[in-house]
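Asks: Here it is, the structure, as structure tokens.
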Amino acid sequence: MLSKISTLLIFAFAFVNYTFATDIKQISESENPRYLMKVKHGITNLGEIEFESFPEIAPKHSHNLDSLVSIQFYDRTAFHRVIPNFMIQGGDPNSKNKSKETWGTGDPSQTKVPAEFSTTKKHLRGTLSAARTNDPNSATSQFFICVVPTPWLDGQYSIYGQVLSGMDVVDMIVNVQRDAKDNPIEKVEMTIERLASSSVTENLYNSGNIKIYPNPTSTSIGFQLENANIFVKSATITDISGKQYFSQEFANTTIISELSIPVADFYSGVYIVTLTDGNGAEFKLRFVIN
456 MLSKISTLLI
466 FAFAFVNYTF
476 ATDIKQISES
486 ENPRYLMKVK
496 HGITNLGEIE
506 FESFPEIAPK
516 HSHNLDSLVS
526 IQFYDRTAFH
536 RVIPNFMIQG
546 GDPNSKNKSK
556 ETWGTGDPSQ
566 TKVPAEFSTT
576 KKHLRGTLSA
586 ARTNDPNSAT
596 SQFFICVVPT
606 PWLDGQYSIY
616 GQVLSGMDVV
626 DMIVNVQRDA
636 KDNPIEKVEM
646 TIERLASSSV
656 TENLYNSGNI
666 KIYPNPTSTS
676 IGFQLENANI
686 FVKSATITDI
696 SGKQYFSQEF
706 ANTTIISELS
716 IPVADFYSGV
726 YIVTLTDGNG
736 AEFKLRFVIN
């Protein structure tokens with residue numbers, strides 16, 4: 456497995472699980488910093504990836520990311536390593552304008568970020584984690600995004616973000632034509648900007664004080680609502696790529712606290728449930744299936 460990894464940034468890769476909730480910060484509240492990544496492959500625009508960082512879980516890595524984004528550090532850097540059924544890796548300053556042979560080796564003058572391994576967070580599909588050498592405290596600007604669950608990385612690499620939308624773009628990146636070293640034949644280039652609070656869709660993950668339980672889960676999900684109750688008209692469940700796994704209309708007498716949705720047949724991962732009440736209001740929440 457190590458033969459698949461670059462000289463500088465050594466991972467131990469595998470497959471993922473996912474999370475939401477107040478007690479599990481893998482999927483966190485809406486105040487987390489959010490970023491917009493724009494990606495092109497050669498002259499072709501592939502689209503946008505929106506992601507959030509986890510300053511409450513990995514404050515040093517999150518601050519490093521924010522500082523680098525603020526000076527447009529990532530603009531014109533590349534995803535220099537793409538491994539289907541594993542991950543995409545990028546963020547090396549060498550990939551801006553240096554020889555392709557140096558991409559992934561990093562700049563020794565960069566500030567090193569100490570490890571911030573989590574005992575609760577998992578490497579899920581869409582997880583953003585810090586690339587590093589054999590030294591756990593050697594992370595700099597390079598990161599990778601998992602395209603599948605990679606549990607063998609858990610507790611070994613610092614997770615500091617999660618894709619919110621645009622996994623279809625990540626999937627396009629990981630499947631571009633590549634050479635024997637897993638380097639894209641044609642450059643896959645990015646820019647990253649921080650989203651202002653007014654740029655973030657306010658209702659994207661508006662829970663309306665609704666909590667999902669249990670979370671993570673492996674069998675079914677239920678709902679708790681503080682200080683009130685609502686009648687549920689419909690529910691849909693999608694993954695973070697937008698693929699729909701569940702959709703159902705309910706009688707107007709269905710109270711949210713009495714609603715239970717089976718998910719035992721779903722794959723491990725992060726999912727978004729959208730509930731619509733009798734007045735047409737939508738509530739979106741994220742949860743994890745182990």
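Start counting the sequence shown at 456; every next residue gets the next number (this note's numbering).
We put the CB at the ideal spot given by N, CA and C, even for glycine.
1. Please work out which residues of its chain come closer than 7 Å, Cβ to Cβ, to G621, disregarding the five sequence neighbours upstream and downstream, and give them in chain order.
2. Which first and last residues belong to the alpha helix (DSSP H) in which I628 is found?
3. Cα-Cα, which of F721, T582, Y722, I695 is closest to L740?
4. Using a Cβ-Cβ cut-off of 8 Å (strictly less than) and excluding sequence neighbours within five positions of T672, which residues of its own chain qualify?
5. Can you name the residues that DSSP bridges to I647?
6. Going by beta carbon distance, what residues of the same chain come within less than 7 Å of Q565, once the five residues before and after it are set aside?
7. Taking DSSP's pairing of strands, which residues face V725 in a bridge?
8. Beta strand (DSSP E) containing H535: first to last residue?
9. Comparing the CB of G735 with every heavy atom of the ligand PLP, is any distance shorter than 8 Å?
10. So does the region 636-650 actually touch the region 594-614, counting three or more Cβ pairs closer than 8 Å?
11. Which stretch, first to last residue, makes up the alpha helix (DSSP H) that contains P514?
12. Can you tell me where the beta strand (DSSP E) with S689 in it begins and where it stops?
Replies: Inspection of the coordinates gives the following:
1. G502, E503, I504, E505
2. 622-629
3. I695
4. V718, F742, V743, I744, N745
5. M492
6. T595, S596
7. V743
8. 534-538
9. Ligands in the displayed structure: none, and consequently the ligand PLP is not present.
10. no
11. 514-525
12. 687-694
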